[in-house]
Amino acid sequence: MKRICDRFAYSDGPVEHSFWAETVPVLARSALSGNMTTEVAIIGAGFTGLNTALKLAEAGVDVTVLDAKQVGWGASGRNGGFCCLGGAKASYQSLKKRFGEIALSDYMTAERAAVDHVDGLLGQFNWDVDRHSDGETMLAHNARAAAGFAQDAEDLATLYKKPIDVIAKEDLADRGFGGGFHGAITTPIGFALNPQKYVSNLAQSAEIAGAIVYGGTPVLETKQESGLWLLTTPQGQVTAKKLVIATNGYSSETTPPWLAGRFLPAQSSVIVTRPISPVEQAAQGWTSQQMSYDSRNLLHYFRLMPDNRFLFGMRGGLSTSKRTSDQTKLRIRQHFERLFPAWSHIETPYYWSGFVCSSRGQTPFSGRVCGVENLYAGFAYHGNGVAMGSYAGALIAQDILQESTLIHPDIMRATPGRFPFGRFRRLAMYPGYLYYGLKDL
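Okay, here's the thing in structure tokens:
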């Protein structure tokens with residue numbers, strides 16, 4: 044197993060003070076010991092891997108999930124809990140140019156279907172995940188961004204057949220969006236949730252359906268022999284007919300070798316406050332429980348949760364060392380106080396970080412890997428993995444079952460290209476972040 048970031052990023056250090064970990068106990072799954080055979084082996088016990096496992100197990104398929112750590116240890120248990128539209132970083136205009144209008148329409152339909160998929164699971168199993176927020180709200184960080192909201196609202200209303208709410212700058216305070224923003228647009232699709240509760244329930248339901256989930260079981264090597272996949276772990280070996288890679292930003296360059304250079308981990312960090320009193324909320328003018336984000340390229344995302352704690356996250360931290368993590372903790376606090384100055388006295392006892400994952404084409408991938416027999420993968424959700432990562436898992440299972448119930452757009456089937464510079468490809472992020480930072484001024 045060969046990874047491209049600092050060892051600290053793959054340790055428990057970045058999640059030592061995660062708020063989510065305190066909200067639900069994670070049942071530790073035992074490690075694989077000895078040799079076993081399964082029809083489908085899945086590497087990664089997060090949204091993608093467990094959605095694949097659940098759907099396959101419900102169909103009676105023998106499926107085994109292996110995770111180097113535990114259920115939800117990676118991005119699935121440390122994100123901001125935004126179940127919303129998204130999955131690609133590439134603009135719709137660029138996707139239309141590359142793939143055509145029909146393919147773009149299918150992809151946008153899939154973004155909506157991804158949200159509906161998670162909503163359907165919550166309804167089917169009646170999971171308690173602290174759900175709240177009616178859609179998501181984007182807040183303009185400058186007047187230039189707000190100027191485009193009217194046209195955006197018209198386009199989104201036509202596409203999704205739903206009214207899109209545009210809020211003028213002077214009306215933000217009355218709607219509970221106190222702060223120095225220049226306007227807002229709310230798309231009433233999506234909701235917020237506790238991602239740790241979601242992924243924990245997902246794992247339990249997959250196991251009840253018949254899937255086997257192992258924790259503490261890193262896959263050190265994958266190879267094919269006589270049409271079968273052989274997965275080597277520290278204490279055993281798994282033989283499988285089909286292999287699913289669902290490790291996203293925590294992937295390895297060698298597990299399997301096809302992944303080398305095709306994924307780019309980027310850091311995202313989160314802080315959570317103590318409960319904020321009604322008086323303190325009024326002082327800042329922020330009383331909305333909408334999941335929200337600003338219009339920057341290097342965006343901030345935030346929401347007032349049902350227990351009145353405030354979650355605040357942002358992209359950043361180009362290095363993945365312990366030193367950079369400590370520096371990012373100070374920097375995210377500075378950003379929080381700049382955007383919400385009336386809360387500068389409020390403690391933020393929780394801080395953690397994790398990887399979002401990009402592809403070279405800035406689109407998510409899900410499905411069968413071309414050129415490698417019986418290999419499937421799902422990754423690169425560009426910070427929108429709650430919905431799209433879950434849907435990608437369901438699409439993989441659908442491909443394995445040879446079904447066609449869910450829309451599987453061609454854009455998500457396109458083989459991701461390799462980034463230049465091999466294992467040093469993260470160096471290209473430095474000029475990229477500088478460029479986007481200047482655009483955000």
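Anchor point for the sequence shown: position 80 equals 123 in our numbering, and the numbering is continuous, going up by one each time.
Note that beta-carbon positions come from the ideal geometry of N, C-alpha and C, so glycine has one too.
- Relative to the Cα of tyrosine 336, the nearest Cα in the group Gly356, Gln324 and Asn351 belongs to Gly356.
- Assignment of methionine 44 by DSSP, reduced to helix, strand and coil, places it in the coil class.
- For the 9 Å CB-CB criterion, alanine 235 and arginine 346 form a contact.
- Judged by DSSP secondary structure, isoleucine 439 falls within the alpha helix (DSSP H) whose first and last residues are 428 to 444.
- Our two residues, alanine 88 and glutamate 213, have alpha carbons roughly 46 Å apart in a direct line.
- A buried status is given to aspartate 110, since no fewer than 16 other beta-carbon atoms sit within 10 Å of its beta-carbon.
- Put simply, of Val281, Arg218, Thr229 and His60 the residue whose alpha carbon is nearest the alpha carbon of aspartate 105 is Val281.
- The C-alpha of asparagine 94 lies about 11 Å from the C-alpha of valine 108.
- In this structure, phenylalanine 90 keeps its C-beta atom at 9 Å or more from the C-beta atom of isoleucine 454.
- Apart from sequence neighbours up to five positions away, no residue of its chain approaches leucine 70 with a beta-carbon distance below 6 Å.
- 9 Å or more divides the Cβ of histidine 160 from the Cβ of alanine 420.
- In this structure, serine 402 sits away from leucine 438, with a CB-CB distance that is not shorter than 9 Å.
- Glycine 226: not part of any alpha helix (DSSP H); member of the beta strand (DSSP E) spanning 226 to 230, first to last residue.
- Check the Cα spacing between arginine 411 and each of Ala227, Phe467, Lys266 and Lys285: the tightest is with Lys285.
- Ranking His378, Ile145, Thr363 and Ser338 by CA distance to the CA of glycine 226 puts Ser338 first.
- In the three-state reduction of the DSSP assignment, phenylalanine 168 falls in the helix class, which pools H, G and I.
- Pairwise C-beta distances place the region 134 to 150 in contact with the region 443 to 453, as three or more of them are shorter than 8 Å.
- When DSSP reads this structure, methionine 79 sits in a beta bridge with Val281.
- Following the DSSP letters along the chain, one finds isoleucine 210 inside the beta strand (DSSP E) bounded by residues 208 to 211.
- If the five residues before and after glutamate 101 are omitted, its C-beta is found closer than 6 Å to the C-beta atoms of Ala252, all from its own chain and listed in chain order.
- Between the region 261 to 275 and the region 237 to 250, the count of Cβ pairs shorter than 8 Å is below three; the stretches do not touch.
- The continuous beta strand (DSSP E) containing aspartate 337 extends over residues 334 to 337.
- Under DSSP, the beta-bridge partners assigned to serine 401 are Leu307.
- Relative to the Cα of glutamate 264, the nearest Cα in the group Gly397, Trp301 and Ser248 belongs to Trp301.
- Here the C-alpha atom of asparagine 417 lies approximately 36 Å from the C-alpha atom of tryptophan 395.
- Following the DSSP letters along the chain, one finds phenylalanine 379 inside the alpha helix (DSSP H) bounded by residues 365 to 382.
- With a cutoff of 9 Å on beta-carbon distance, valine 256 and isoleucine 228 are scored as not near each other.
- The beta carbon of tyrosine 473 sits closer than 7 Å to the beta carbons of Leu361 from its chain, once the five residues preceding and following it are set aside; these are given in chain order.
- With respect to the C-alpha of arginine 358, the residue from Met348, Val313 and Pro321 having the closest C-alpha is Val313.
- Lysine 204 counts as exposed, since fewer than 16 other C-beta atoms from the protein chains shown sit within 10 angstroms of its C-beta.
- Taking the Cα positions, asparagine 78 is about 10 Å away from leucine 273.
- Contact between glutamine 113 and glycine 258 is confirmed by a C-beta separation of about 4 Å, below the 8 Å threshold.
- Beta-bridge pairing by DSSP links isoleucine 288 to Ile86 and Ala420.
- When secondary structure is reduced to three states using DSSP, lysine 204 falls in the coil class, being assigned neither helix nor strand.
- Secondary structure in the region 239 to 265: the beta strand (DSSP E) runs of 3 residues or longer, each lying completely within the stretch, are 255 to 257 in chain order.
- In the three-state DSSP reduction, glutamate 154 falls in the helix class (H, G or I).
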